[in-house]
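This report refers to the structure that appears directly beneath it.
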Amino acid sequence: MTLKKILPTLALLTLPVIVQAENYPAPVEAMRERGVEVLERFDAPGGLTGYTALYNGRPLALYVTADKQHALMGSLLNAQGEDLTGAILEEKVSRPQSKVMWGKLKDSAWIADGSDQAEKVVYVFTDPNCPYCKRLWKDARPWVDAGKLQLRHVMVGTLGESSQKKAAYMLAAKDPKTVLLGNESGKTPAQEAKTVQTEQRQQLETNQQLMAKLGASGTPSILYLDERDMLQMHPGSPQGEQLIELFGPRP
Numbered sequence: 081m082t083l084k085k086i087l088p089t090l091a092l093l094t095l096p097v098i099v100q101a102e103n104y105p106a107p108v109e110a111m112r113e114r115g116v117e118v119l120e121r122f123d124a125p126g127g128l129t130g131y132t133a134l135y136n137g138r139p140l141a142l143y144v145t146a147d148k149q150h151a152l153m154g155s156l157l158n159a160q161g162e163d164l165t166g167a168i169l170e171e172k173v174s175r176p177q178s179k180v181m182w183g184k185l186k187d188s189a190w191i192a193d194g195s196d197q198a199e200k201v202v203y204v205f206t207d208p209n210c211p212y213c214k215r216l217w218k219d220a221r222p223w224v225d226a227g228k229l230q231l232r233h234v235m236v237g238t239l240g241e242s243s244q245k246k247a248a249y250m251l252a253a254k255d256p257k258t259v260l261l262g263n264e265s266g267k268t269p270a271q272e273a274k275t276v277q278t279e280q281r282q283q284l285e286t287n288q289q290l291m292a293k294l295g296a297s298g299t300p301s302i303l304y305l306d307e308r309d310m311l312q313m314h315p316g317s318p319q320g321e322q323l324i325e326l327f328g329p330r331p
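Be aware that the sequence shown starts at 81, since it is given in the numbering used here, and climbs by one per residue.
And the structure:
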């Protein structure tokens, strides 16, 4: 899964005329009302006007017809069948958004697992009670123990009150790394915080909002930069060859 993934089909939207805001054509304003974040206008062929946008963390393009009463959403192809939308979305949305969201991940509340000098850094949305997160932790040991990988666990409490209390306990611990090690290995499960302090509550809320912004729907969700410095996401716990694709050759 990638943040530059676009809708595979071209849908024709015939939308009712509504009150415009910020001079957007009616169909674009209608999409904004439905939760689409419109970013930038751009010139498009065939008398169309293009708009880059984001929906659930994924980039897309809107093409408004000359009468400004209809919009196309998806990929625009030329006479040779070539996709004209992908390059625009990468330049105007995916690459800038990759930098922005990577910065937000750096600023989130996370617990490091592995060397600070590791060749590769990966962020993982982690729930203390998630069994698949624990599987990922175990499967990543060869890379982490070899000093080649640092997992940065962005703590969330998606599996209920117990998860929220445990995540708060881990973030507030004097030695979060040791608490993380005990919880993910299963040797010393994290305790539930008796009271979730304001600081940890805010950290968890911010992490949860970031997770939603990135379009991650469950834990673990793995975020990393590919060879082109584009932000990518792998949902779930990788297995077999997927581990090598994400973390590199097995040490």
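Virtual Cβ for every residue (Gly too), placed ideally from N, Cα, C.
{"Check": "When burial is assigned at 16 or more other CB atoms within 10 Å of the CB, is Q230 buried or exposed?", "Outcome": "buried"}
{"Check": "Please state whether the Cβ-Cβ distance between K172 and T129 is less than 8 Å.", "Outcome": "no"}
{"Check": "So G237 and A247 are in contact, right, with Cβ under 8 Å, and what is the actual spacing, rounded?", "Outcome": "5 Å"}
{"Check": "Check whether the Cβ atoms of M153 and L169 sit closer than 8 Å, and answer yes or no.", "Outcome": "no"}
{"Check": "Please list the terminal residues of the continuous alpha helix (DSSP H) segment that includes V224.", "Outcome": "221 to 225"}
{"Check": "Going by CA-CA distance only, name the one from P208, A106, L119, Q288 that's closest to S188.", "Outcome": "Q288"}
{"Check": "Alpha carbon to alpha carbon, how far is E272 from D147?", "Outcome": "59 Å"}
{"Check": "Look at the Cβ atom of P315, then the Cβ atom of A296, and state whether they are nearer than 8 Å.", "Outcome": "yes"}
{"Check": "If you reduce the DSSP assignment to three classes, tell me which class D123 lands in.", "Outcome": "strand"}
{"Check": "Indicate whether V108 and A151 have their beta-carbon atoms separated by less than 8 Å.", "Outcome": "yes"}
{"Check": "Taking the alpha carbon of E307 as the point to measure from, which residue in K200, N209, L119 has its own alpha carbon closest?", "Outcome": "K200"}
{"Check": "Could you tell me whether the stretch 264 to 271 touches the stretch 317 to 331, where touching means 3 or more Cβ pairs closer than 8 Å?", "Outcome": "no"}
{"Check": "Return the residue from the list Q197, W190, A159, P211 that minimises the CA-CA distance to G126.", "Outcome": "A159"}
{"Check": "Just verifying my parser: in three-state terms, what is the DSSP assignment at L134?", "Outcome": "strand"}
{"Check": "Which residue from L164, G161, L119, V224 puts its Cα closest to that of P192?", "Outcome": "The residue asked about is misnamed: residue 192 is Ala in this sequence, not Pro. It is V224."}
{"Check": "What does the Cβ neighbour count give for I98, buried or exposed, with the cut at 16 atoms within 10 Å?", "Outcome": "Its pLDDT being 36, under 50, I98 is placed unreliably in this model, and the value from its coordinates should be taken loosely. So I98 counts as exposed."}
{"Check": "Figure out for me which residue from L261, I324, P318, H233 has the closest Cα to the Cα of Q283.", "Outcome": "H233"}
{"Check": "Taking R215 as the reference, give the member of A106, E325, G320 with the closest Cα.", "Outcome": "G320"}
{"Check": "Just mark K245 as buried or exposed, buried being the case when its beta carbon has 16 or more other beta carbons within 10 Å.", "Outcome": "buried"}
{"Check": "Rounded to whole angstroms, what's the CA-CA distance from F122 to L134? Just pull it up for me.", "Outcome": "15 Å"}
{"Check": "By alpha-carbon positions, which one of A220, M181, S155 ends up nearest to E325?", "Outcome": "A220"}
{"Check": "Could you tell me how far apart the beta carbons of Y203 and T299 are, in whole angstroms, since I believe they sit closer than 8 Å?", "Outcome": "About 12 Å separates the two Cβ atoms, so there is no contact after all."}
{"Check": "Report the rounded CA-to-CA distance for N103 versus R114, giving the unit in angstroms.", "Outcome": "17 Å"}
{"Check": "Who are the near neighbours of A252 in its chain, counting only those whose CB is closer than 8 Å to its CB and skipping five residues on each side?", "Outcome": "A273, Q277, E279, Q280"}
{"Check": "What does DSSP give as the partner residue(s) for I302 in the beta ladder?", "Outcome": "V204, H314"}
{"Check": "Please identify the residue among L185, Q149, P176 whose C-alpha is closest to the C-alpha of I302.", "Outcome": "L185"}
{"Check": "If you reduce the DSSP assignment to three classes, tell me which class V180 lands in.", "Outcome": "helix"}
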